[in-house]
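Report on the structure given below.
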Amino acid sequence: MLTHPSHQPEARHTFRAVGTFLVLLLAICWLPSLPGTKGVAHYLPLHMALETLAIVVAGLTFGVVWSARHEQLPRNALLLACAFLGVGLLDFAHMLSYEGMPAFITPNSPEKAIRYWLAARLLSALALIAVAWLPWTASASQPRALPVLMVALVLLLVTALHGLFFFDPHLLPNTFVPGEGLTAFKIFFEYALMALNLAAAALLLWHMRQPRSFNASGLFAAACVMAQSEFLFTRYAGVTDIYNLAGHLYKILAYAFLYRAAFGETVQHPYALLRASQRQLQATLDALPDPLLEFDDEGRTLDVRTGHAGHLLAPSRRLLGKTVQDILPPADARIALAALNEARQHGFSRGRIVALQVPDGTRWFELSVARKALHPGQGQRFVVIPRDITRRRHNEEAMRTLSQAVSQSPVPIVITDLQARIEFVNDAFTRTSEYTAAQVLGKNPRLLQSGKTPASTYRSMWAELTQGKPWQGELVNRSQSGREFIESVLIYPVRNAEGVVTNYLAHKEDVTEMKRAAERIQRLSHYDQLTGLPNRTLLDTRFQYAIRQSATLAVLWIDLDRFKDVNDSLGHNGGNLLLLEISHRLRSSLQDHDTLSRHSGDDFVALLPHTGQGEAAKLCVRLLDALAQPMLVSGHEVFLTASIGIAIFPDDGDHLEALLKNAETAMYRVKDDGRNNYRFFTPEMQVHSARALALGNALKQALHRGELHLVYQPQIALKDGSVVGAEALLRWNHPQWGAVSPAEFIPLAEASGLIVPMGEWVLNTALHQLRAWLDGGLPMMTMAVNLSAVQFGQPGLPELVGELLERTGVPAEGLELELTEAVAMKAPEVAAQKMRELRQRGVRLSIDDFGTGYSSLNYLKRFKINKLKIDQSFVRDIGTDPDDQAIATAIVQMAHSLGMATIAEGVETAEQLAFLRARGCDEVQGYHYSRPLLPEQFESFVRANLQERSAKAAQTGLRVAEYSAI
Numbered sequence: 000m001l002t003h004p005s006h007q008p009e010a011r012h013t014f015r016a017v018g019t020f021l022v023l024l025l026a027i028c029w030l031p032s033l034p035g036t037k038g039v040a041h042y043l044p045l046h047m048a049l050e051t052l053a054i055v056v057a058g059l060t061f062g063v064v065w066s067a068r069h070e071q072l073p074r075n076a077l078l079l080a081c082a083f084l085g086v087g088l089l090d091f092a093h094m095l096s097y098e099g100m101p102a103f104i105t106p107n108s109p110e111k112a113i114r115y116w117l118a119a120r121l122l123s124a125l126a127l128i129a130v131a132w133l134p135w136t137a138s139a140s141q142p143r144a145l146p147v148l149m150v151a152l153v154l155l156l157v158t159a160l161h162g163l164f165f166f167d168p169h170l171l172p173n174t175f176v177p178g179e180g181l182t183a184f185k186i187f188f189e190y191a192l193m194a195l196n197l198a199a200a201a202l203l204l205w206h207m208r209q210p211r212s213f214n215a216s217g218l219f220a221a222a223c224v225m226a227q228s229e230f231l232f233t234r235y236a237g238v239t240d241i242y243n244l245a246g247h248l249y250k251i252l253a254y255a256f257l258y259r260a261a262f263g264e265t266v267q268h269p270y271a272l273l274r275a276s277q278r279q280l281q282a283t284l285d286a287l288p289d290p291l292l293e294f295d296d297e298g299r300t301l302d303v304r305t306g307h308a309g310h311l312l313a314p315s316r317r318l319l320g321k322t323v324q325d326i327l328p329p330a331d332a333r334i335a336l337a338a339l340n341e342a343r344q345h346g347f348s349r350g351r352i353v354a355l356q357v358p359d360g361t362r363w364f365e366l367s368v369a370r371k372a373l374h375p376g377q378g379q380r381f382v383v384i385p386r387d388i389t390r391r392r393h394n395e396e397a398m399r400t401l402s403q404a405v406s407q408s409p410v411p412i413v414i415t416d417l418q419a420r421i422e423f424v425n426d427a428f429t430r431t432s433e434y435t436a437a438q439v440l441g442k443n444p445r446l447l448q449s450g451k452t453p454a455s456t457y458r459s460m461w462a463e464l465t466q467g468k469p470w471q472g473e474l475v476n477r478s479q480s481g482r483e484f485i486e487s488v489l490i491y492p493v494r495n496a497e498g499v500v501t502n503y504l505a506h507k508e509d510v511t512e513m514k515r516a517a518e519r520i521q522r523l524s525h526y527d528q529l530t531g532l533p534n535r536t537l538l539d540t541r542f543q544y545a546i547r548q549s550a551t552l553a554v555l556w557i558d559l560d561r562f563k564d565v566n567d568s569l570g571h572n573g574g575n576l577l578l579l580e581i582s583h584r585l586r587s588s589l590q591d592h593d594t595l596s597r598h599s600g601d602d603f604v605a606l607l608p609h610t611g612q613g614e615a616a617k618l619c620v621r622l623l624d625a626l627a628q629p630m631l632v633s634g635h636e637v638f639l640t641a642s643i644g645i646a647i648f649p650d651d652g653d654h655l656e657a658l659l660k661n662a663e664t665a666m667y668r669v670k671d672d673g674r675n676n677y678r679f680f681t682p683e684m685q686v687h688s689a690r691a692l693a694l695g696n697a698l699k700q701a702l703h704r705g706e707l708h709l710v711y712q713p714q715i716a717l718k719d720g721s722v723v724g725a726e727a728l729l730r731w732n733h734p735q736w737g738a739v740s741p742a743e744f745i746p747l748a749e750a751s752g753l754i755v756p757m758g759e760w761v762l763n764t765a766l767h768q769l770r771a772w773l774d775g776g777l778p779m780m781t782m783a784v785n786l787s788a789v790q791f792g793q794p795g796l797p798e799l800v801g802e803l804l805e806r807t808g809v810p811a812e813g814l815e816l817e818l819t820e821a822v823a824m825k826a827p828e829v830a831a832q833k834m835r836e837l838r839q840r841g842v843r844l845s846i847d848d849f850g851t852g853y854s855s856l857n858y859l860k861r862f863k864i865n866k867l868k869i870d871q872s873f874v875r876d877i878g879t880d881p882d883d884q885a886i887a888t889a890i891v892q893m894a895h896s897l898g899m900a901t902i903a904e905g906v907e908t909a910e911q912l913a914f915l916r917a918r919g920c921d922e923v924q925g926y927h928y929s930r931p932l933l934p935e936q937f938e939s940f941v942r943a944n945l946q947e948r949s950a951k952a953a954q955t956g957l958r959v960a961e962y963s964a965i
């Protein structure tokens with residue numbers, strides 16, 4: 000579209016008029032034979048009439064604008080009006096200077112008249128260019144002196160031009176030569192004027208393509224017709240020809256368009272705006288839902304409009320002429336008068352509320368009061384709009400209650416807009432996040448992110464929310480202080496009445512403690528509390544998963560060798576530290592997908608997916624090597640070994656219970672074979688396991704059935720070869736299995752607790768036997784009886800020993816109780832007290848298997864031990880192994896330095912005997928002298944030893960006598 004719709008229909012009329020004048024112009028130029036083309040008779044009066052008309056139109060243009068100069072007119076309108084004041088004055092001077100008129104200061108001539116003409120045309124063209132180029136806007140802050148200044152400048156310019164044309168015309172080029180017509184300068188100047196007017200028309204046409212801000216159409220028509228006028232003035236050859244006449248007519252038409260535009264902007268346009276404003280005001284009043292009342296300065300009602308709501312205390316005709324006090328109750332009347340007074344002082348009053356009793360209950364009205372502009376001689380008037388806010392009050396009260404409930408909710412609540420900008424948080428949120436509401440409003444909730452929530456969680460959340468669906472999940476967030484917490488979050492879209500999502504509302508709950516409690520419960524129910532390893536329950540879960548993923552699987556049962564002795568020596572805390580180190584070593588030797596479980600005190604189970612016999616064997620070697628390295632616990636260097644049993648899925652069982660049972664069976668076979676090794680389960684082991692079970696059951700009845708008996712191994716003094724004692728050893732003859740090895744049934748008795756009654760039976764039987772030997776004439780000797788850890792830990796042991804000694808009549812020095820190092824060091828202070836009580840009764844004490852445990856020399860000295868027994872593991876290779884020799888020698892020397900005797904067990908060869916005698920060992924026992932003997936056999940052995948010693952003594956005495964005789 001060539002022009003903007005806001006310029007219609009003016010633009011359409013303008014184009015039509017400009018087109019018509021252009022066609023007429025062409026007709027004048029193309030028809031040279033028109034009457035008057037050679038000159039117009041009586042042209043002077045006609046010229047005066049035309050110029051007078053033009054001057055009047057220019058003056059009217061100035062007058063219309065000048066009269067409205069104080070009404071915030073656009074500056075361009077003032078500029079155009081002042082410029083055409085100058086144009087009118089120059090046109091007036093042109094008319095007075097026309098040839099045939101009385102001399103105007105100086106003699107008149109066509110040259111003089113043309114100069115005033117060109118000056119007027121140039122000023123009008125420049126004015127049109129200026130108003131088309133400069134912004135056409137009204138300014139409320141323009142200086143009041145600006146119009147006067149503009150007029151003064153125009154008058155100054157016109158005066159200067161008059162001085163130039165009157166007194167220095169020779170400074171200007173010629174424009175007309177009598178008899179020849181216009182000069183080239185004159186024609187060029189006219190074309191330049193035509194170009195300026197066309198340029199102004201082009202700028203005004205651009206304005207016509209924009210929304211209407213002034214009457215660009217009228218100014219466009221003036222510029223176009225002015226350009227056509229200038230074109231005609233380039234054509235005349237005489238000052239009275241038809242072209243000159245047409246040019247004057249076109250100039251007047253251009254002035255008329257200009258006046259029309261100025262009149263429209265300063266008079267018609269404001270009135271149009273006023274009518275539009277009145278219509279808008281009327282429409283506003285018609286649409287106003289609230290009553291509108293007008294009061295005078297005394298609070299009297301002058302006018303009433305009920306509006307759509309119609310909430311009035313009485314019909315409008317009854318309110319007219321009534322004062323506020325007449326209409327409202329006293330309290331509400333005072334509020335209304337206060338609002339009127341506030342409006343009187345400040346121009347307006349808002350927010351005052353009155354409550355009125357109406358038939359349907361109490362209604363609240365908010366008063367908006369504005370002071371009306373005063374007319375001369377008129378008193379103050381006020382417009383009052385009482386808005387019914389009853390529903391709003393109820394809604395606000397409901398919202399206040401809801402807001403308080405939300406704000407005081409113990410659950411954090413967050414409301415955001417669709418761009419996730421926070422709009423509301425409650426107190427619980429600020430407590431949890433440690434941010435104040437001011438710190439988070441307008442921010443994105445991502446400021447709480449800890450970086451530990453997976454990105455997929457946020458993608459899932461937004462995928463649901465953008466579809467208008469709620470989302471629930473857990474987020475790991477961080478508070479302002481850096482505290483991390485886990486929140487269970489429910490976010491759902493909030494929709495308006497049209498069902499459009501406008502906000503997101505999040506309910507959040509800090510579940511950190513709940514999660515931690517669940518983790519603690521999970522850990523308590525699935526993990527060992529000491530080592531943190533999976534327990535039996537979690538092991539079963541891992542096994543079920545593993546058999547679904549792998550075709551073969553190995554189960555290792557790992558039992559620590561002699562851990563009970565070590566634990567007794569180090570104490571409970573030391574034992575726990577040792578178990579932690581062992582679990583760490585075992586776990587470090589396994590792969591990530593393997594499972595290591597602590598099954599019981601010193602038993603561990605390893606679950607190895609995708610593992611066959613070859614891989615399991617290699618792993619067992621690594622495990623044993625890892626455990627073989629020394630461990631420093633509580634200042635003690637500890638050496639441990641382990642026995643490992645292996646069961647393979649599915650060959651050795653298709654469920655965990657069977658695999659564990661078989662792996663444990665294989666482990667016990669390693670124990671039987673000497674420990675510190677591994678074995679795969681075989682079916683034959685099942686037989687051995689069944690035998691152990693049967694033995695355990697049979698052992699419970701063995702004592703009552705008289706299947707137990709004692710044998711005695713002689714203890715020989717190396718200084719003279721005499722029998723100085725006997726070690727009582729328990730034996731079991733079963734009617735079905737025959738003689739059962741102590742290595743089989745003693746561990747079963749200790750595990751089942753039968754060792755306590757059996758130990759008491761052994762002690763009682765051994766003392767009775769010693770008493771019988773003594774009564775039979777055998778010399779005094781020591782009866783050595785082993786005490787297990789369970790026996791030694793029984794309360795009342797010293798009292799029991801004293802009672803048995805008293806009952807049997809055996810001297811207290813005839814009883815020697817043997818304790819292992821582990822038993823003595825399990826609770827050193829308690830052990831020392833119990834040993835002290837036994838020594839006070841005269842009982843002798845010895846440490847059995849010395850060197851295999853972890854004795855503290857400090858405690859050893861405090862225990863006041865009578866004898867140390869060198870373990871047979873150091874005696875076995877004492878003839879060839881330098882280490883065993885060094886250990887045995889050190890034990891003997893240390894014992895003697897502490898005032899203790901020594902006895903070596905397991906002496907089987909003359910070489911072993913010779914070494915021990917050379918090192919000063921006090922006593923020995925072993926197969927070199929005698930196997931363990933039945934009571935009758937032992938008595939015969941002692942009597943034979945006595946006879947042999949007597950014979951040797953007699954032979955020695957004879958030799959001494961012979962030597963003396965010589």
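Numbering-wise, the sequence shown is residues 0 to 965 according to numbering that gives the first Met the number 0.
No residue lacks a Cβ here, since even glycine has one placed at the ideal position from N, Cα and C.
Treat the numbers as computed from the prediction; the structure is a model and nothing was measured.
query, result
"Simplified DSSP state of residue 401, which is helix, strand or coil", "helix"
"Same chain, Cβ closer than 7 Å to residue 67, five either side skipped, listed in chain order", "265"
"8 Å Cβ cutoff met for residue 576 and residue 530", "no"
"Buried versus exposed call for residue 223 [16 or more other C-beta atoms within 10 Å across all chains shown]", "buried"
"Range of the contiguous alpha helix (DSSP H) that encloses residue 638", "Note, residue 638: premise wrong, no alpha helix (DSSP H); not H, not E."
"Rounded straight-line distance, which links the Cα of residue 911 to that of residue 934", "27 Å"
"Distance CB(residue 526)-CB(residue 533) smaller than 8 Å", "yes"
"Unbroken alpha helix (DSSP H) run spanning residue 966, endpoints", "Nothing can be reported for residue 966: it is not among the residues displayed for the chain, which extend from 0 to 965."
"Buried or exposed by the 16-neighbour rule on C-beta atoms within 10 Å, applied to residue 326", "buried"
"Outcome for residue 501 when other beta-carbon atoms lying within 10 angstroms are tallied against a minimum of 16", "exposed"
"Burial state of residue 520 (16 or more Cβ within 10 Å)", "exposed"
"Beta-carbon proximity check, residue 923 vs residue 717, cutoff 8 Å", "yes"
"Cβ distance (whole Å) where residue 980 is taken to contact residue 944 below 8 Å", "In the structure as shown, the chain starts at 0 and stops at 965, and residue 980 therefore has no counterpart that could be examined."
"Residue 809: CB within 7 Å of a non-hydrogen atom of the ligand PLP", "In the structure shown, the ligand PLP is absent, as is every other ligand, since no ligand is present at all."
"Enclosing beta strand (DSSP E) for residue 363 [first to last residue]", "360 to 370"
"Reduced DSSP category for residue 924 - H, G, I as helix; E, B as strand; rest coil", "coil"
"Under the three-state DSSP convention, the category residue 795 falls into", "coil"
"Contacts around residue 11, its chain only, beta-carbon distance under 6 Å, and the 5 residues preceding and following it disregarded", "none"
"Under the three-state DSSP convention, the category residue 69 falls into", "coil"
"Alpha carbon of residue 183 to alpha carbon of residue 192, nearest angstrom", "14 Å"
"Assigned secondary structure, residue 650 (DSSP; H/G/I helix, E/B strand, else coil)", "coil"
"Short Cβ contact (8 Å threshold) for residue 869 with residue 845", "no"
"Cβ-based burial, residue 731 [other Cβ within 10 Å; buried from 16]", "buried"
"Cβ-Cβ separation, residue 61 to residue 99 (assumed contact under 8 Å), whole Å", "So it is not a contact: roughly 28 Å between Cβ atoms."
"Nearest-angstrom Cα separation, counted from residue 737 out to residue 570", "39 Å"
"Reduced DSSP secondary structure (H/G/I, E/B, other) of residue 169", "helix"
"Any 3 or more C-beta pairs closer than 8 Å across the region 408 to 423 and the region 380 to 400", "no"
"Nearest candidate by alpha-carbon position, reference residue 769, set 597, 794, 787 and 725", "725"
"Bounding residues of the alpha helix (DSSP H) (the contiguous stretch that carries residue 567)", "562 to 588"
"CB-CB length for residue 230 against residue 24, believed under 8 Å", "7 Å"
"Spatial distance of residue 937 from residue 729 (CA atoms)", "15 Å"
"Anticipated Cβ contact below 8 Å, residue 707 with residue 757, distance rounded", "7 Å"
"Alpha carbon of residue 196 to alpha carbon of residue 418, nearest angstrom", "55 Å"
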